[in-house]
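Here the structure comes first, spelled out in structure tokens, and everything after it is commentary.
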Amino acid sequence: MVRRAPEAPLTGVSAEDAQYLFARIGAVNAAFGLDAFAGLTFAQIPARALIHQFIEWWRTLEPETDAQREAHGQLPGAIRLIDTVSTWLEEQAGRRR
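Okay, here's the thing in structure tokens:
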């Protein structure tokens, strides 16, 4: 999944999806006291770095509070969304060749 994701910021997502993904960063940062991607807008974050971070959080964070469980529990959906868009972008690039 990480290798499939673009090294550039994610394009091809709706404003709502971009907002959802960016909110996942904020939720994990707030719940776990982290500061990932501080000062960056969604449009500045490479998709590959974002999906890598989400997967890393999913595998390594150990939620203890309700807020942590909620933020952590939303990561698989965000990971799938990035992977789906990455697959779509890959298919679109293949059709143009």
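Letter 63 of the sequence shown, counting from 1, is numbered 55 in our numbering, and no numbers are missing. Glycine included, every Cβ here is placed at the ideal spot set by N, Cα and C.
By the Cβ rule, the segment 19 to 34 counts as touching the segment 54 to 67, because three or more pairs are nearer than 8 Å. Assignment of residue 68 by DSSP, reduced to helix, strand and coil, places it in the helix class. Rounded to the nearest whole angstrom, the CA to CA distance from residue 55 to residue 32 is 25 Å. Taking a contact to require three or more Cβ pairs closer than 8 Å, the segment 69 to 86 and the segment -5 to 9 qualify as touching.
Residue 69 and residue 26 have their C-alpha atoms spaced approximately 20 Å apart.
By the beta-carbon neighbour count (other beta carbons within 10 angstroms, threshold 16), residue 45 is buried. For residue 45, the enclosing alpha helix (DSSP H) has its first and last residue at 39 to 52.
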